[in-house]
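Under the numbering used here, the first residue of the sequence shown carries the number 132, and numbering increases by one thereafter.
All residues carry an ideal CB built from backbone N, CA and C; glycine is no exception.
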Amino acid sequence: MFSYKYKIVKEDINYGGHVGNERALLFFQFSRMAFFESLGFTELDLGDGIGVIQKNGYVEYNKELFLNDEIEIKITKIEIEKINFTCHYEIYNNAGEKVINGYTMLVCYDYTAKKIKRVPQGFKDKVEALA
Numbered sequence: 132m133f134s135y136k137y138k139i140v141k142e143d144i145n146y147g148g149h150v151g152n153e154r155a156l157l158f159f160q161f162s163r164m165a166f167f168e169s170l171g172f173t174e175l176d177l178g179d180g181i182g183v184i185q186k187n188g189y190v191e192y193n194k195e196l197f198l199n200d201e202i203e204i205k206i207t208k209i210e211i212e213k214i215n216f217t218c219h220y221e222i223y224n225n226a227g228e229k230v231i232n233g234y235t236m237l238v239c240y241d242y243t244a245k246k247i248k249r250v251p252q253g254f255k256d257k258v259e260a261l262a
């Protein structure tokens, strides 16, 4: 569905000398932001002024990543519901091994009105056209 390249930098490394566990969610966000941008959207505006707020996330770690590793973050699937959608991710290292996988559930949110809203139809249409 979508692929994003990223090079591991020193800020990603923890005291154990490898990528910190919290970074996976940032990597997911980097790819998601690039995906939204490729469709003409942002996390603050998926259409009609509706943004997203993360409700939950899941990460499974399969292998370590280190400084200067080049990774590929893939959004493999997006499941759209009435007011939210779930993005599924896979992260691969230079050798093509899947090192991390997971998902995030994002709720559509009007930051001005401070209310949950429906997934904008224009966003839904563009995502479903890629499935």
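With respect to the C-alpha of Asp256, the residue from Glu212, Lys205, Tyr234 and Tyr137 having the closest C-alpha is Glu212.
Scanning Ala262, Gly188, Leu237 and Lys246 for the CA closest to the CA of Arg154 turns up Gly188. It is roughly 11 Å from the alpha-carbon of Gly178 to the alpha-carbon of Phe167. Under the three-pair Cβ rule at 8 Å, the region 194 to 209 counts as touching the region 133 to 141. In the DSSP annotation of this structure, the continuous segment of the beta strand (DSSP E) that includes Phe216 starts and ends at Asn215 to Tyr223.
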